[in-house]
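Written below as structure tokens is the structure these notes are about.
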Amino acid sequence: MTNGRQRLQDRVAIVTGGAQGIGGATARRLAEEGAKVLIADVDAAAAAANVARIREAGGTVESLTADVGKHDDIRGMVEDAAGRWGRLDVLVNNAYRVQNPEASGGAEEVSEGAWDEGMDVLVKSMFLAAKHAVPLMRRAGGGAIVNISSVHGLLTAPGALVYEAGKSAVIGVTRQMACEYGPAGIRVNAICPGHIVTERIQERMWDANPGGLRFFEQQYPLRRCGRPVDIANAVVFLCSEEASFITGQALVVDGGLTIQLQENLGVHLAHYIQEHPDTQLPY
Ligand SMILES: NC(=O)c1ccc[n+]([C@@H]2O[C@H](COP(=O)([O-])OP(=O)(O)OC[C@H]3O[C@@H](n4cnc5c(N)ncnc54)[C@H](O)[C@@H]3O)[C@@H](O)[C@H]2O)c1
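Just so you know, the sequence shown maps onto residues 0 to 282 in numbering that gives the first Met the number 0.
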């Protein structure tokens, strides 16, 4: 794992939802950069598989079953990392997966319970994780927190009130905490990924519809969607000394999706469909 310089040598990091997807790749990249990593995830089997993969590559990693929708689990996760390795330098708040069908839709459809449940995992988890992590980071002389938002935190779409509101709140939480904890040397940033083709998304959306993915990619100036490692690399950067003057930012990692005019995009997509009439639209 020592391919020359390691940017996070001996740092201690927690990655929530670190079993797979973006969090999985982030746990692997942090370990490659020398960090000791605690994966906190509800999926124990997937976490164990990622732990095995990281250890195989020579990294230092442990996992803990924790639901970031629950305060006790968050407290336990921070105590576990600190108890094991004596400090905490990096916290990556990444865990989320839409579970409850009542979280879909707009205000008329979303149930109050699904709203509360979604906000607990998407937003409240970040407040509670900071509550327990910040005192340890102060003690270590500083630290880095990275909150995973989305391009949906900047722009919005119908059909998912909880997700859109939650991801935009993540950016507000990030800015407030950056102001609050900057004096303690704790940097807090968010990342806004575009569509990232994780293992699960590949299987669920694209395995049966590769033409749909090619169409989807046309929305991106770089003509591809993201890979989990694209976000993991941005996390490593934001946690490293190279980002020591960056805080309170929402770093957009989206292949250019959000910088183009919609009217140009609309025409491009119309041409694409004309040229590829068999395209099966993703949704
Ligand atoms: N994949 C994308 O296109 C995309 C784009 C923008 C933002 N994001 C965000 O990135 C993050 C990761 O998404 P992903 O696509 O890698 O998801 P994923 O479903 O592949 O992985 C999510 C991981 O989080 C875990 N998890 C879910 N709820 C949890 C909870 N309450 N407590 C602890 N662990 C929990 C799951 O078990 C899983 O291991 C999410 O916050 C998501 O909203 C994803």
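All C-beta atoms, glycine included, are put in the ideal place defined by N, C-alpha and C.
Nothing here was measured: the structure is a model prediction, and the numbers come from that model.
Let me make sure I understand the geometry here. Which of the options has the alpha-carbon closest to that of residue i?
i, options, result
"residue 90", "167, 58, 54, 141", "141"
"residue 183", "135, 265, 223", "135"
"residue 274", "16, 213, 231, 107", "213"
"residue 60", "47, 71, 69", "47"
"residue 100", "62, 13, 160", "160"
"residue 40", "58, 78, 81, 92", "92"
"residue 17", "245, 265, 234", "234"
"residue 218", "264, 177, 38, 176", "264"
"residue 124", "62, 205, 83, 77", "77"
"residue 68", "15, 148, 244, 146", "15"
Can you list, in chain order, the residues of its chain whose CB lies under 6 angstroms from that of residue i, leaving out five sequence neighbours each side?
i, result
"residue 95", "120, 121"
"residue 24", "227, 228, 231"
"residue 12", "29, 34, 36, 89"
Have a look at residue i and residue j and give me their C-alpha separation to the nearest angstrom.
i, j, result
"residue 53", "residue 270", "44 angstroms"
"residue 44", "residue 129", "27 angstroms"
"residue 7", "residue 169", "25 angstroms"
"residue 75", "residue 65", "8 angstroms"
"residue 9", "residue 116", "35 angstroms"
"residue 225", "residue 181", "31 angstroms"
"residue 179", "residue 173", "10 angstroms"
"residue 81", "residue 202", "36 angstroms"
"residue 281", "residue 194", "13 angstroms"
"residue 188", "residue 267", "34 angstroms"
"residue 5", "residue 98", "37 angstroms"
"residue 296", "residue 220", "Nothing in the structure corresponds to residue 296, since the chain is present only between 0 and 282."
"residue 299", "residue 242", "The shown model of the chain, from 0 to 282, leaves out residue 299, and the question about it has no answer."
"residue 22", "residue 132", "18 angstroms"
"residue 144", "residue 196", "24 angstroms"
"residue 247", "residue 150", "16 angstroms"
"residue 223", "residue 262", "20 angstroms"
"residue 208", "residue 276", "14 angstroms"
"residue 216", "residue 126", "35 angstroms"
Which residues in the same chain have their Cβ closer than 8 angstroms to the Cβ of residue i, if we skip the five residues on either side of it in sequence?
i, result
"residue 153", "167, 170, 191, 249, 251, 257"
"residue 138", "86"
"residue 199", "19, 20"
"residue 58", "0, 27, 30, 31, 36"
Strictly by DSSP, which residues pair up with residue i?
i, result
"residue 193", "DSSP, once it has assigned bridges, lists no residue as partnering residue 193."
"residue 62", "38"
"residue 250", "190"
"residue 143", "89, 186"
"residue 11", "35"
"residue 159", "104"
"residue 181", "Residue 181 pairs with nothing; no bridge assigned."
"residue 225", "195"
Compare the C-beta of residue i against all C-beta atoms of chain D and say whether one is closer than 9 angstroms.
i, result
"residue 190", "In the structure shown, chain D does not exist; there is a single protein chain."
Take residue i and list the residues in its own chain whose beta-carbon comes closer than 7 angstroms to its own, dropping the five residues that flank it on each side.
i, result
"residue 72", "65, 66"
"residue 109", "101, 102, 160, 161"
"residue 272", "278"
"residue 156", "163"
"residue 259", "220"
### Query
Counting pairs of beta carbons, one from the region 222-239 and one from the region 25-35, are three or more of them closer than 8 angstroms?
yes
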